[in-house]
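Step one of this worksheet: look at the structure below.
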Amino acid sequence: MGGSLGCHRSIPKDPTDFGCGKRKFSAACNFSHILVNQERLNINTATEEELMTLPGVNRTVAQNIVEYRDCIGGYKKVEDLALVSGIGATKLEAIKLEICVSSRTSSSQHSPSSLRKDPDHQGCGTGININSATAAQLMSIRGVTEKIAKNVVAYRVENGPFKSIEDLVRVNHINSSLLDKIRFQVFVERSRAPSTNTNGGLTCTTKSHPSPTSFSYRSDDLDLPPGGPTQIMSVRPSVEPPPGLRDGKPVVRVATWSLQSCSCDKANNPGVKEVLCMTLLENDIKLLAVQDLLEREALDKFCVELNQGTLASVRKWKWPRGTWKSVVSEKPTGHSSKGVSYSGFLWDSSAGVDLKDATVLEAPVVNGNGSQAYPVLYLAHFLVGSYELTMVNVHMKATASSSAESNGKNHNTDEVKCQRLSPSIQETLKAEKELVVLGDFGCPPQSSELDVLRKEKLCALVPSTQFTNISTRSPQGNQCLDNIWVSRSFKKIFSGQCTVVREGLTNPWIPDNWSWGGVASDHCPVVAEFYADVSPKELSRPGTAAVDRRDIMPKHER
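Here the sequence shown is numbered in the numbering used here, starting from 91 and rising by one per residue.
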């Protein structure tokens, strides 16, 4: 074989000589069938014994890697290994530089376990399907440049799908030498048998579909991940958006949604992008406060999708999508498990919603190391219809054990601890009239941490008995963490409609532990409806009828 295996540079050229290396290998370890790729271990062909040479990989984890590999038909990218039980993101980082992914189409590349389960050695579905991949996907193939990737797409558009891998030599700048280098990273597939897909408890049968690109994307510039689930057709709830009127009066729907450590990579995930954009359209949400953005640029990804409509579901939405704009705090407003996070707003300017200004409300430093015990708030003034609305976007860090959900405990009590709102916010709240304080409060509305809001006569629209978290294991949730608080004057124009959206929050392209079909966020969007055509005189008039939350409970429209 020659050379070394994985990043194990101590392996001698003669694999049978185990005494010369720094790492001890089992005598049962057979290297003859391993494809060496730049000194890395190919996780698509390695046996359990070989996988156990990786740092931190024991027998159980090695078995999980092989079992999951056989289940999905082979890993398509190194990052897929994070979905294996016992690996996760942390361990993946430790071994990432020691592993690689190549196709299993060649019989010389199969591990014994894969040969037993796949006697015909068919590698269909492993690697990149050249008949459906975008230019961005093709560029993930080692040796394929941007120019070559675009030539492949152009050739496919002009001549139809490739009939075999060998047809690639007809593409400009691809010769037989390059083809030999990339043939184990690609495959040709023109059709696939119908399959059954489950999404959020909904089941449907999908027709043949070579890749998610064929249905959802029409742009060569999209960064669609090369790996993904076998079942890729998402199922959206069959709904029509609310009519925009309540009792004959125009209304505007305002919402809050904590996006759970949303980075640009997460925002680019086609499943996450579809869930967020379609949830806004299906629920006629015109102004959204978001929390937990790991990168300021992440929110703009959704804004662009809503305006341009590259996803099939967004593009085919038969009602107006609107004209969307976004703004994100200049400074961090919170902390997540992955570092500092930002807050922002997303709104439909075609619905008469316009941003006047936005600013970060600095919290006082209360200890010597410069850290803040109080959450940093993001305040914005919007012009909504005929009035000016002040929105305070809140992201408070909860400190309750994350095991609460897995243990099945209801942490809707004072067990949940979170940051306390700074007393200094009272001066800000007093200066604002039409006020909405919304976001992820990290605790139920009756918590003492929110006493400041009660002192200013603000009212929570979501009762503590209504849960706002979600997961595939607990679809109905068990905590009330997100809420919308309104001032007394603004409560007068609350229509009585407050909804915690639970449907349509999963997608086959979203990872769920070491499977697929997860939720876009462990928080549900909370939506409240307000009358839009109200004059300032009506807001300040004492005799204006107000909706009493004690008499009218939220109506769950979905």
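By construction, the Cβ of each residue, glycine as well, lies at the ideal position given by its N, Cα and C atoms.
Computed from a prediction, not measured in an experiment: that's the story for all the values here.
Asked	Found
Beta carbon of Q509 nearer than 8 Å to that of E539	yes
Residue closest to R326, alpha-carbon to alpha-carbon, out of G334, N373, L335, V341	N373
C352 in three-state terms, based on DSSP	strand
Buried or exposed by the 16-neighbour rule on C-beta atoms within 10 Å, applied to E444	One detail in the question is off: residue 444 reads as Asp in this sequence, not Glu. When all chains shown are included, D444 counts as exposed.
Assigned secondary structure, P302 (DSSP; H/G/I helix, E/B strand, else coil)	With a pLDDT of only 32 at P302, under the threshold of 50, the placement of this residue in the model should not be trusted; the figure read from the coordinates follows. Helix at P302.
Rounded straight-line distance, which links the Cα of S427 to that of E385	14 Å
Residue of L525, Y621, S585, L436 minimising C-alpha distance to W575	L525
Cα-Cα separation between K415 and S267, rounded to whole angstroms	48 Å
Per-residue burial, N397 [other beta carbons within 10 Å of its own, 16 or more giving buried]	exposed
Alpha-carbon spacing of K114 relative to I185, whole angstroms	Per-residue confidence for K114 stands at a pLDDT of 40, beneath the threshold of 50, marking its modelled position as unreliable; the derived number appears in the next sentence. Whole-angstrom Cα-Cα distance: 17 Å.
CB of K363 within 8 Å of CB of L401, strictly	yes
Residue burial classification, A610 (beta-carbon count within 10 angstroms, cutoff 16)	buried
Identity of the residues DSSP links to T137 by a beta bridge	In DSSP, T137 forms no bridge with anything.
For I124, three-class secondary structure by DSSP	The predicted model places I124 with a pLDDT of 37, which falls under 50 and marks its position as unreliable; any figure quoted below should be read in that light. Coil.
DSSP state of I600 mapped onto helix, strand, coil	coil
Residue of S351, T224, I133, I375 minimising C-alpha distance to V617	I375
Y158 - DSSP class collapsed to helix/strand/coil	helix
Alpha-carbon to alpha-carbon, V344 and P251	46 Å
CA nearest to the CA of A622, picked from P553, Y165, E478, P340	P340
Run of the beta strand (DSSP E) containing A379, from where it starts to where it stops	375-383
As assigned by DSSP and simplified to three states, the class of I574	strand
Local Cβ density within 10 Å of A521, reported as buried at 16 or more and exposed below that	exposed
Nonlocal neighbours in the same chain, by C-beta distance under 6 Å from K547, ignoring five residues either side	R578
For H649: DSSP bridge partner residues	Outside the modelled stretch of the chain, which goes from 91 to 648, sits residue 649, for which no answer is possible.
K582, buried or exposed, once every other Cβ within 10 Å from all chains shown has been counted against 16	buried
Local conformation of F435 per DSSP, three classes	strand
Between the CA atoms of V168 and V484 - distance to the nearest angstrom	37 Å
Bridge partners - A357, DSSP secondary structure assignment	Beta-bridge pairing links A357 to no other residue.
Ordered list of alpha helix (DSSP H) runs contained in the region 206-281, each at least 4 residues	225-228, 236-249, 266-272
Beta bridge counterpart(s) of L473 as assigned by DSSP	D444, E478
Nearest candidate by alpha-carbon position, reference D438, set G412, E420, D447, K421	G412
Cβ separation of L551 and N573, assumed to be a contact under 8 Å, to the nearest whole Å	7 Å
Selection from K446, P422, V482, A172 that minimises the alpha carbon distance to G475	K446
Pairwise C-alpha distance: I272 and G233	7 Å
Three-state secondary structure assigned by DSSP to E542	Residue 542 is actually Val in this sequence, not Glu. Note: V542 maps to helix in three-state DSSP.
Proximity of S561 and D612 at Cβ, strictly below 8 Å	yes
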